[in-house]
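Comments concern the structure below.
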Amino acid sequence: MANLNIDSIKNRNFDAIVIGSGMSGGWSAKELTEKGLKTLVLERGRDVKHIKDYPTTNLYPWEFEHHGVLPQSVQEANPIVNRCYAFHEDAAHFFVKDHEHPYIQDKPFDWIRGYQVGGKSLLWARQTQRWSDFDFEGPARDGFAVDWPIRYKDLAPWYSYVEKFAGISGNKDGLAELPDGEFLPAFPLNDVEDYFSRHVKSQYKNRHVISARCAHLSKPNPIHLEQGRGQCQNRNLCQRGCPFGGYFSANSSTLPWAEKTGNLTLRPFSVVESILYDDQKGKAVGVRVVDSQTKETIEYFAKVIFVNAAAVNTNLILLNSKSKRFPNGFGNDSGVLGKYFAFHNYSAHISAEYDGFPDFTTDGRNPAGGGYIPRFRNVFHQEMDFLRGYASGFSAYRSVDHDYQGVGASLKQNLAKGKWGPWKVGSHMMGETIPKETNFLSLDPNQKDAWGVPLIKISVDYDNNDDLMKKDYLEQLSEMFTTAGFTNIQTSSNHQAPGLDIHEMGGARMGNDPKTSILNKWNQVHSAKNVFVTDGACMTSVSCQNPSLTFMAITARAADYAVSELKKGNI
Amino acid sequence: MNRRSLIKNLVWLIGASAFAPSCLNSSNQKTIGLKNIALETDDQILISEICETLIPKTDTPGAKDLNLPEFVLKMLDETLPKSDQKNIILGLKDFKAFVLKKSGKSYTDLEPKEKEAILLELETKRNKPAAAEKPIPESPLSLFYSAIKSQTLFAYTTSQYFMTKVNIYELVPGRYKVHFPIKNLKTV
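Protein sequence lines correspond, in order, to chains A and B. Converting from the first sequence to the working numbering requires adding 336 to each position, the first position being numbered 1. Converting from the second sequence to the working numbering requires adding 29 to each position, the first position being numbered 1.
Written out as structure tokens, the structure reads:
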């Protein structure tokens with residue numbers, strides 16, 4: 337990779353700049369460099385090279401200082417990130433610590449971040465489902481937000497394009513509400529998951545329990561081997577970074593691919609302060625960066641800019657990019673920038689036991705996590721007293737009971753040998769939330785971070801629709817569990833703050849009308865056509881699928897369009 | 030505890046390890062440097078003895094063979110909230126008093142069978158309040174014992190010995206099989 341000589345303005349000129357190196361930034365980098373553009377990728381955190389920078393990846397549990405448990409001092413110093421399910425001794429080094437990057441919670445919001453090359457693509461839960469037109473048509477049909485300027489047919493070829501490269505395992509389930517993709521073999525449902533799937537199918541006409549589709553190489557194709565990736569080895573230690581490249585991350589896939597083109601310049605430790613707009617030229621000309629280590633301010637220039645800083649930070653950069661033309665933030669003629677922010681409601685769970693299949697268990701580990709229940713509420717028409725719906729995870733495992741009573745030799749024996757317990761089943765809710773003007777991000781007028789960038793203020797909350805939907809989820813799953821013969825059913829509803837779902841989206845939404853949206857159908861800023869936003873910030877609505885796959889497809893599509901527009905001289 | 034029994038127990042604590050001579054020569058006995066919880070040498074030895082009673086050396090290694098006491102002390106020191114640590118200190122005092130009242134001796138001077146009996150009595154006592162109608166707040170003594178026990182069990186079941194010789198942990202399973210007969214598994 338090029339070593340930067342920042343003294344020369346020539347060395348600060350590129351064809352394209354990509355802000356961010358994670359899930360969507362990695363795709364921008366791959367697509368733009370492959371199409372011949374000299375591309376600068378700016379990452380605010382440190383570099384993380386595939387395999388080389390996964391220090392914990394091959395450690396056994398006993399090789400960790402506290403066998404995986406984080407010290408109390410770390411937990412107490414990080415109340416926010418400590419609430420994340422993956423923040424443990426094996427992966428804590430990939431998470432932003434609370435004090436390092438403060439933000440303002442106008443309302444409670446657990447903002448989970450990964451500031452390093454690869455971003456959160458190292459840490460994601462790897463669930464990948466396509467959207468359908470039942471999702472894209474949601475806002476128009478149900479009268480919220482604004483109409484999506486794209487439909488499934490616009491994105492379908494790009495879903496295929498990114499799926500083939502990333503490697504997605506799944507079954508062709510033939511469901512209109514969850515379109516099939518380009519799949520590697522699925523990870524199978526186990527006995528109880530399969531039993532529940534058959535039960536649900538027999539009881540409900542439009543409810544399905546399918547193998548979760550996930551970004552794991554169950555059986556790699558030549559394109560994956562060419563990336564230097566190999567078959568998933570079922571370790572389920574993905575959050576440490578995978579030495580096999582068994583799951584998709586920017587580090588293992590898109591970034592090394594971009595590097596091989598010779599067109600990539602990656603600059604870690606680069607905090608983007610703002611996008612530079614030239615009033616004379618009537619377009620963006622570059623970005624202003626603060627070196628996170630030296631605090632030096634440097635400007636980089638390019639013909640086209642992709643903003644992939646992750647939803648909240650993309651909004652922050654746009655809001656902070658003020659000029660004579662854009663006094664209220666970049667491309668913000670409409671005044672909607674930062675608004676209509678949304679997330680996924682993950683605040684309900686249900687668990688139970690099942691006495692069937694007493695002679696069977698599973699062997700090895702399932703990286704897909706088990707089953708997935710696509711949204712079945714309000715899909716084909718509005719039928720409930722709430723808008724939209726929820727997808728649900730569903731998984732089962734065979735429990736083992738240990739007798740921990742007593743002391744001495746008998747205790748030792750009991751620890752060595754457990755007794756088979758019942759199968760345990762569980763589900764979690766993944767609910768769509770409705771983007772609203774009152775759920776928004778803004779810049780704090782006074783407080784700045786260590787690099788002189790204003791702190792972001794997050795004002796996002798649940799609403800009554802979320803409560804009604806949660807009630808329905810718990811009722812419906814309880815009913816499905818009960819009729820399946822599951823016992824000891826326990827529902828739980830926590831009050832986790834928005835953000836902990838790590839599916840924050842919106843703020844710079846796509847739309848047909850520049851008066852009510854920031855981006856057009858190609859993810860171009862309506863009023864500055866050489867700036868593209870293709871991360872979560874672009875989302876007009878959020879549906880209930882895990883969003884990364886959609887970000888990838890949107891990014892590849894936008895990059896293709898950007899290069900063709902560049903060639904035509906339109907931008 | 031007199032000095033003679035202290036040294037005797039210290040040798041017991043560290044076994045025949047290479048550290049023994051230097052420790053024996055020192056008036057500051059071998060202690061684990063703790064940052065957050067004040068446990069003197071004899072307290073550390075006592076906890077080590079409890080660990081060994083819980084997971085004794087049999088035909089397989091015991092707590093001391095596996096250096097579990099050091100890990101337990103480290104976990105008590107570094108992974109517990111302050112309030113738990115306070116209770117452990119209080120409970121430790123109560124534990125010593127309880128043992129003295131029961132046996133007229135200090136725990137470290139008891140025979141292994143007597144040690145087991147003491148811990149079992151605490152454990153039975155602890156199980157009773159749970160059956161009562163109103164949950165009784167756990168005493169520091171009970172909290173002390175359950176903290177030592179749970180940390181010892183965690184230390185043992187996540188030790189290299191346990192995970193390589195007893196219940197084998199696979200870093201790279203390379204498979205996921207469903208509908209797998211339980212009779213085909215060697216260990217449960």
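The beta-carbon is built from N, C-alpha and C at its ideal position, and this holds for glycine as well. Source: prediction; values computed, not measured.
Query - Whole beta strand (DSSP E) elements within the segment 540-607 of chain A, 3-residue minimum - result: The segment 540-607 of chain A contains these whole beta strand (DSSP E) runs: 600-603.
Query - Span separating the alpha-carbon of residue 873 (chain A) from that of residue 646 (chain A) - result: 7 angstroms
Query raised in the report: So residue 471 (chain A) packs on residue 487 (chain A), CB below 8 angstroms; how close in whole Å?
Result: That belief does not hold up - the Cβ atoms of residue 471 (chain A) and residue 487 (chain A) are roughly 10 angstroms apart, past 8 angstroms.
Query raised in the report: With burial defined as no fewer than 16 other Cβ atoms inside 10 Å of the residue's Cβ, what is the status of residue 698 (chain A): buried or exposed?
Result: buried
Query raised in the report: Name the residues in the segment 104-126 of chain B whose C-beta lies less than 7 angstroms from a C-beta of chain A; which are they?
Result: 104, 107, 108, 109 and 110
Query raised in the report: Can you find a CB in chain A that lies within less than 8 angstroms of the CB of residue 203 (chain B)?
Result: Proximity of residue 203 (chain B) to chain A, defined by a Cβ-Cβ separation below 8 angstroms, is satisfied.
Query raised in the report: Which residues of chain E have a Cβ atom closer than 7 angstroms to the Cβ of residue 754 (chain A), listed in chain order?
Result: No chain E appears in the structure shown, which is made up of the protein chains A and B.
Query - Within-8 angstroms CB hit, residue 700 (chain A) to chain B - result: yes
Requested in this report: Return yes when the Cβ of residue 795 (chain A) is within less than 8 angstroms of the Cβ of residue 810 (chain A), no when it is not.
Outcome: no
Query - Residue burial classification, residue 653 (chain A) (beta-carbon count within 10 angstroms, cutoff 16) - result: buried
Requested in this report: Just the chain B side, please: which residues come within less than 7 angstroms of residue 552 (chain A) by C-beta, in chain order?
Outcome: The contacting residues do not exist; residue 552 (chain A) stays about 10 angstroms from chain B at best.
Requested in this report: Determine the DSSP secondary structure at residue 187 (chain B), reduced to helix, strand or coil.
Outcome: Reduced to three states, the DSSP call for residue 187 (chain B) is coil.
**Report entry** Selection from A:402, A:884 and A:440 that minimises the alpha carbon distance to residue 780 (chain A)
**Finding:** Of the candidates A:402, A:884 and A:440, the one whose C-alpha sits nearest the C-alpha of residue 780 (chain A) is A:440.
**Report entry** Neighbour flag for residue 174 (chain B) against chain A, beta carbons, 8 angstroms
**Finding:** no
Query - Minimum Cβ-Cβ distance from residue 696 (chain A) to chain B less than 8 angstroms - result: yes
Query raised in the report: For residue 282 (chain A), which residues does DSSP report across the bridge?
Result: Absent from the model: residue 282 (chain A). The displayed extent of chain A is 337 to 907, so no value can be given.
**Report entry** Under 9 angstroms from the C-beta of residue 571 (chain A): neighbouring residues of chain B
**Finding:** Those are 199, 200, 201, 202 and 203, listed as they occur along chain B.
Query - Range covered by the alpha helix (DSSP H) that runs through residue 841 (chain A) - result: In the DSSP assignment, residue 841 (chain A) falls outside any alpha helix (DSSP H) and lies within the beta strand (DSSP E) extending over 841-843.
Query raised in the report: In chain A, which residues lie with their C-beta within 9 angstroms of the C-beta of residue 82 (chain B)?
Result: 743 and 744
Requested in this report: Take residue 798 (chain A) as the anchor and find which of A:712, A:860, A:822 and A:677 has the nearest alpha-carbon.
Outcome: A:677
**Report entry** Cross-chain neighbours of residue 526 (chain A) in chain B, by beta carbon under 8 angstroms
**Finding:** Result: 207 and 208.
Query raised in the report: Going by the CB atoms, is the gap between residue 671 (chain A) and residue 655 (chain A) shorter than 8 angstroms?
Result: no
**Report entry** Three-state secondary structure (DSSP) of residue 378 (chain A)
**Finding:** Residue 378 (chain A) falls in the strand class under three-state DSSP.
**Report entry** Where residue 869 (chain A) meets chain B, residues with beta-carbon distance less than 8 angstroms
**Finding:** By Cβ distance, chain B contributes nothing, its closest Cβ being about 38 angstroms from residue 869 (chain A), past 8 angstroms.
Query raised in the report: Within the 8 angstroms Cβ cut-off, does residue 394 (chain A) reach chain B?
Result: For residue 394 (chain A), the answer is yes, since a Cβ of chain B falls inside 8 angstroms of its Cβ.
Requested in this report: Tell me whether residue 435 (chain A) sits in a helix, a strand or coil according to DSSP, three-state version.
Outcome: When DSSP states are grouped into helix, strand and coil, residue 435 (chain A) belongs to the helix group.
Query raised in the report: Below 8 angstroms between beta carbons: does that hold for residue 379 (chain A) and residue 400 (chain A)?
Result: no
Query raised in the report: So what does residue 643 (chain A) bridge to, in DSSP terms?
Result: A:355 and A:869
Query raised in the report: Whose CA, out of A:729, A:801 and A:702, lies closest to the CA of residue 204 (chain B)?
Result: That would be A:702, whose Cα lies nearest to the Cα of residue 204 (chain B).
Query raised in the report: At a Cβ threshold of 8 angstroms, is residue 733 (chain A) touching chain B?
Result: No, residue 733 (chain A) does not count as interfacial toward chain B.
Query raised in the report: Using 8 angstroms as the limit for Cβ to Cβ distance, is residue 46 (chain B) near chain A?
Result: Confidence at residue 46 (chain B) is low in this model, with a pLDDT of 36, below 50, so the placement of that residue is unreliable and no value is reported for it.
Query raised in the report: What are the start and end residues of the beta strand (DSSP E) that includes residue 824 (chain A)?
Result: 823-829 is the span of the beta strand (DSSP E), which, as asked, contains residue 824 (chain A).
Query - Residue environment, residue 720 (chain A), which counts as buried when at least 16 other CB atoms sit within 10 Å - result: exposed
Query raised in the report: Using 8 angstroms as the limit for Cβ to Cβ distance, is residue 66 (chain B) near chain A?
Result: no
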